[in-house]
Amino acid sequence: KLDAINNWGSVLALSYIASLRTHYGYNDMADAKALLESIARSFGYIYGRERKIRVNTISQSPTLTTAGSGVKGVEGLIDFTNRMSPLGNADADDCANYCLVMFSDLTRKVTMQNLHNDGGFSSMGMSLRAMKTYNKGLDIPADIE
Numbered sequence: 115k116l117d118a119i120n121n122w123g124s125v126l127a128l129s130y131i132a133s134l135r136t137h138y139g140y141n142d143m144a145d146a147k148a149l150l151e152s153i154a155r156s157f158g159y160i161y162g163r164e165r166k167i168r169v170n171t172i173s174q175s176p177t178l179t180t181a182g183s184g185v186k187g188v189e190g191l192i193d194f195t196n197r198m199s200p201l202g203n204a205d206a207d208d209c210a211n212y213c214l215v216m217f218s219d220l221t222r223k224v225t226m227q228n229l230h231n232d233g234g235f236s237s238m239g240m241s242l243r244a245m246k247t248y249n250k251g252l253d254i255p256a257d258i259e
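In the working numbering, the protein residues as written are 115 to 259.
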């Protein structure tokens with residue numbers, strides 16, 4: 115029997131916020147990401163108890179990838195999340211850096227988590243900037259804006 119991961123090792127999988135919220139055009143993949151996060155929690159428990167291996171998922175900002183480019187309206191989604199996020203979207207390099215931190219011993223007690231790397235988008239309701247953009251062209255009383 116070969117052990118592919120040392121004790122206190124780390125496993126990461128990439129997810130997306132659509133596992134928790136509805137995003138047009140992302141239906142089947144959203145279901146798959148929700149399942150992936152559930153599997154990570156289950157395996158995090160099993161391998162954590164047995165080998166102190168931590169298992170987490172990272173919900174990344176929308177990133178234009180080969181797979182992502184097939185999602186209808188992905189460019190608009192990327193623009194929207196970038197405008198909504200206080201820090202802007204995290205790009206692929208930001209994600210790689212976050213993964214390095216998660217693989218390090220600095221996070222040896224972090225397991226069974228879905229961690230967002232999205233510039234704050236996942237915690238936003240509606241930014242003032244987005245509300246002003248949305249309200250343009252609508253019949254909104256002046257005292258509301």
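We put the beta carbon where it would ideally sit given N, CA and C, even for glycine.
Close beta carbons around residue i, own chain, < 7 Å, minus the five adjacent residues each side
i, result
"D208", "N231"
"G182", "P176 and V188"
"D205", "T177"
"F157", "V169"
Test item: CB-CB of residue i and residue j under 9 Å
i, j, result
"M216", "R155", "no"
Helix, strand or coil at residue i [DSSP, three-state]
i, result
"S129", "strand"
"N141", "helix"
"L149", "helix"
"L242", "helix"
"N120", "coil"
"A154", "helix"
"G162", "helix"
"A204", "coil"
Strand pairing of residue i, partner residues [DSSP]
i, result
"V169", "V125"
"N249", "Partner(s): none; N249 has no beta bridge."
"L229", "I172"
Chain-order list of residues whose beta-carbon lies under 8 Å from that of residue i (same chain, five-residue window excluded)
i, result
"S199", "S175, D232, G233, G234, F235 and M238"
"G190", "none"
"R197", "S241, R243, A244 and T247"
Integer Cβ distance of residue i from residue j, believed to fall under 8 Å
i, j, result
"R165", "N203", "No, R165 and N203 are not in contact; Cβ-Cβ is about 35 Å, not under 8 Å."
"I167", "L128", "Not quite, the Cβ-Cβ distance comes to about 18 Å (not below 8 Å), so this is no contact."
"S133", "K147", "4 Å"
Contacting residues, own chain, Cβ-Cβ under 6 Å from residue i (five flanking each side not counted)
i, result
"I119", "I167"
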